[in-house]
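Residue numbers (the numbering used here): 2 to 1083.
Reviewing the structure listed below.
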């Protein structure tokens, strides 16, 4: 057995009155309590509870109240003499006062479950007070058990006058759980059957207070338990109130409420907005009435003077920051004594920060009356009945960006949480803050923020802004070519090594209407971008069909000058990249008439794209992937598959220099009834890269499904699905139907290794993803060496090759077990009561695949899926088998995405038009030529197809422009005369130009009959004839230069013209406005 875990903490022995019953949670029959019949050593029946209660990392849907001062979850407690903790035999106990109670001698035991709002409010406030890091805890369920004036067994007449009154209150929100022990009179400790005195109730084996997990290892005992000092428990406390104790009990480590003297300081929340104004709580040290608290954030000018919140905490308001990431915090506490603490606070990049001020109709915010709503019950607005609304705009001065406060709307009621106001700004980028009107000296004013957003401009304003930007950008350094985009959405979802989901546009962030968050790429459902700042960033976006978006045709990705983590995080990227794109490619779109009058050959968006380039997947190489699933079935990075079901901790992926290390833990599978079977599953994985990421650990948890730890510290996602940590980004994906399953992306920034983790409460499946020459052929461990040769992947830790045809027994003994780690090599964190020895089982022998017999039930569930068949046969769990089958299907789909796809060259852009593909540049895609509004097609047009990596010939096709209009002398209507346009189309396969000569074409051949006579002067007629011959002469001269040319070859003079729509060329090609990309109508 391991060393005993005994947690001792600071207990205040506070003189004065003890807790009164009136300060208990109300109890009695009037409150709806159930009162147990008088008994000795009895218990209630199993009590079904309406919510699953988390206790010692297990969820419980029923409990038992024992007369002898205990609440149990797995088995009743009739034992009257308490044994010292820890106890095994499934004795999972909460014991406010485990002793020999006999209610036949006096007293009552009462209990009830409640969700009464007043009780929940009281419970929430107590937890927030005693556990300041749970500043936002909402109690959803409370169970109250009260032992009211109970006597002890064997008491004499005088002894029976001694009574104990105590209460246990269980509190939970479904994920976290707490217990509060309340004590009024405690007058006896022991029954006579436990060696106590009949008159005094003292002596013998005194009562036990605390918590026991029931596994013989994990427990928590209140100081004084099973000693004579337990009689004074009603005068002791861990929260500063005599007779009251508070504990957090959902994990294997019981946490005490109140304060400590061990030098720890807890900052809650651990991170917040870069723009400041956040209410943060500091807890840990015990606080005296006259203590003064000062906080200094490294890199920020000045020191903040904070305020006391309670005996257990004080609070500050964060300043503004100009960077994101971990910031060192120095805390000094001066009073009767001076103490200093060091901690860390994480400044969140605005792109990851949850927004609490919501703009109505956010896609079209412009000057005028606008509406907002906000979350009005946050700590930042606490005690503020009215709030102020501030508008901040972004300005560039001498190359530096700063948000400046523009105006304030004062004294808005906070109770409603919404308002309308007059929005009037002159800048293009803005930010809103709702601020408290409760002012505090020497601290910033608290408040909450909106998103950073773009102000919609008129077309002319946007055109001017875009043209100014184009002029400036043209003189900036040219953006170098960057990593090519994944060719399909499936490849983009797989390749989290070279790319990461764009926080501003991804399919994992769904709004209330089912739409994603792609506000600035509205034709995209998902975008990816480079994981770290480089010479330039590259954004790749995918439409609803899963195709890479061509930004000449839809709002998609482009190259960007700033990564969202560069400069002033997100702000630089938004101002220098997002804003120009929106001004040039959305807000400045104009009508055909305005385009014609302007006379631009290319739209502003096309000019923008010349500088920033549209997305391309030319020469894209997908990454390699491996997998571990079920009763562990392995596929190496080179594609070799085998089964290894050892029990222990193993080398998963190491680089040869061991700068990157990852280990995996396999444990024996436990059925729902607790039976352990001779099969193993993955339950934890840990990884670290060269001290730049910290040690990251992911392990199963029966309550939260999976815990994330960094350097042994438990992390929480809080209000965001992103953890942007030093050297690594972790993304929590939304549950796909099954809320108990958790999917995580773990993406290292400085090495091309990533992990997709999918976990249920009993099994973890992992897909490692690797790319790059820096690690190719330089890996070792259970997943092979990544040298593109699957036949040599079974290389043991002592460099012995095993044949790929080896049996599963040989693979187990000679390969798999060779990669078992020893205790000094372990990277894992062990929970209280656990150690390396609990997981290291070298003598374990699993059931091998060769010995499995298949039943009809197994075949019905699994079909021919070998992994599913094996898992069902060995574990006896249909859930495990179905998870294995589903994961195998997902892995096979990912393998298909990891294959290099054949593509053709990017389609060319021509003056006034572009080739439009049905499926990007992928093999067998077809493309059609499209002209913008103000242009018509010249030449024969037809679909071309990408075959064997080559487009079919483009042909002589171009777009001809409308330049002016004249009056039709017969119909008195206007038409556009012939236009001469030379157009060059670059053949991307040969990098040569094909010259399309001048073409004469009428762009309006509508011929409507009219009975209205038209009279024309002779001069007018002669002028028209003269113009005609001048044009004809010019074309004949051109003919001599360019060779034979039938100038009427593309003019429809036959009856076809009569059938064309509205007199235009008879063609299936649509036209699009000149000054915008060829985006579909919305």
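Yeah, the Cβ is synthetic: ideal placement off N, Cα and C, and Gly gets one too.
Bear in mind that the values here come from a model prediction, so they are computed numbers and not experimental data.
In angstroms with no decimal places, state the Cα-to-Cα distance between residue i and residue j.
i            : j           : result
residue 725  : residue 238 : 39 Å
residue 688  : residue 732 : 16 Å
residue 129  : residue 247 : 11 Å
residue 570  : residue 534 : 11 Å
residue 579  : residue 425 : 21 Å
residue 747  : residue 622 : 20 Å
residue 765  : residue 683 : 5 Å
residue 1148 : residue 641 : With the chain represented from 2 up to 1083, any question about residue 1148 goes unanswered, as that position is not in the structure.
residue 512  : residue 518 : Caution applies to residue 512, whose pLDDT of 43 falls short of 50 and renders its modelled position unreliable; the value that the coordinates give is listed next. Cα to Cα, residue 512 sits roughly 7 Å from residue 518.
residue 100  : residue 76  : 17 Å
residue 1084 : residue 131 : What the structure shows of the chain is the stretch from 2 to 1083, and residue 1084 is not part of that stretch, so it cannot be assessed.
residue 352  : residue 229 : 58 Å
residue 453  : residue 430 : 7 Å
residue 273  : residue 433 : 16 Å
residue 255  : residue 629 : 33 Å
residue 548  : residue 897 : 16 Å
residue 215  : residue 87  : 7 Å
residue 218  : residue 835 : 8 Å
residue 531  : residue 649 : 37 Å
residue 73   : residue 187 : 22 Å
residue 347  : residue 275 : 9 Å
residue 231  : residue 184 : 11 Å
residue 91   : residue 784 : 39 Å
residue 105  : residue 249 : 34 Å
residue 663  : residue 563 : 32 Å
residue 1051 : residue 960 : At residue 1051 the pLDDT is 29, less than 50, meaning the model places this residue with poor confidence; the figure from the coordinates comes in the next sentence. Taking the straight line from one Cα to the other gives about 12 Å.
residue 145  : residue 31  : 14 Å
Quick check on the burial criterion: 16 or more other C-beta atoms within 10 angstroms. Buried or exposed for residue i?
i           : result
residue 917 : buried
residue 760 : buried
residue 718 : exposed
residue 590 : buried
residue 345 : exposed
residue 899 : buried
residue 94  : buried
residue 496 : buried
residue 907 : buried
I believe residue i touches residue j by the beta-carbon criterion, under 8 Å. Please report the beta-carbon distance rounded to the nearest angstrom.
i           : j           : result
residue 450 : residue 357 : 7 Å
residue 176 : residue 700 : That belief does not hold up - the Cβ atoms of residue 176 and residue 700 are roughly 16 Å apart, past 8 Å.
residue 96  : residue 168 : Not quite, the Cβ-Cβ distance comes to about 13 Å (not below 8 Å), so this is no contact.
residue 103 : residue 153 : 6 Å
residue 165 : residue 142 : Going by Cβ atoms, the distance from residue 165 to residue 142 rounds to 27 Å, so no, they are not a contact pair.
residue 349 : residue 325 : 6 Å
residue 377 : residue 416 : 7 Å
residue 573 : residue 560 : With a Cβ gap of about 15 Å, residue 573 and residue 560 do not count as contacting.
residue 647 : residue 821 : 7 Å
residue 851 : residue 808 : 7 Å
Strictly by DSSP, which residues pair up with residue i?
i           : result
residue 689 : 662
residue 59  : 56
residue 229 : Paired residue(s): none; residue 229 is not in a bridge.
residue 329 : 345
residue 280 : 318
Hey, would you say the C-beta of residue i is under 7 Å away from at least one heavy atom of the ligand SAH?
i           : result
residue 337 : Absence of the ligand SAH is noted for the structure shown, with no ligands found whatsoever.
Are there three or more Cβ pairs, one per stretch, closer than 8 Å when the segment 840-860 is compared with the segment 674-683? In short, these stretches touch, since the Cβ pair count reaches three.
Cβ contact (3+ pairs, closer than 8 Å) linking the segment 146-162 and the segment 116-130: Not touching, per the Cβ criterion.
Do the segment 370-390 and the segment 402-421 make contact, defined as three or more Cβ pairs closer than 8 Å? Yes, they touch.
If contact is defined by three or more beta carbon pairs under 8 Å, each pair taking one atom from either stretch, is the segment 60-70 in contact with the segment 35-50? Under the 8 Å Cβ criterion, the segment 35-50 counts as touching the segment 60-70, having at least three qualifying pairs.
Are there three or more Cβ pairs, one per stretch, closer than 8 Å when the segment 853-869 is compared with the segment 603-610? Output reads no: the segment 603-610 does not touch the segment 853-869.
Quick check: the segment 928-945 against the segment 900-918, are at least 3 beta-carbon pairs closer than 8 Å? Contact holds: three or more Cβ-Cβ distances are below 8 Å.
Check whether the segment 286-300 touches the segment 320-337, taking contact to mean three or more Cβ pairs, one atom from each stretch, closer than 8 Å. Short answer: they touch.
Using a Cβ distance threshold of 8 Å, determine whether the segment 799-817 contacts the segment 690-698, with at least three qualifying pairs required. The segment 799-817 is not in contact with the segment 690-698.
Given 8 Å, three or more beta-carbon pairs between the segment 387-403 and the segment 278-292: Verdict: no, contact absent.
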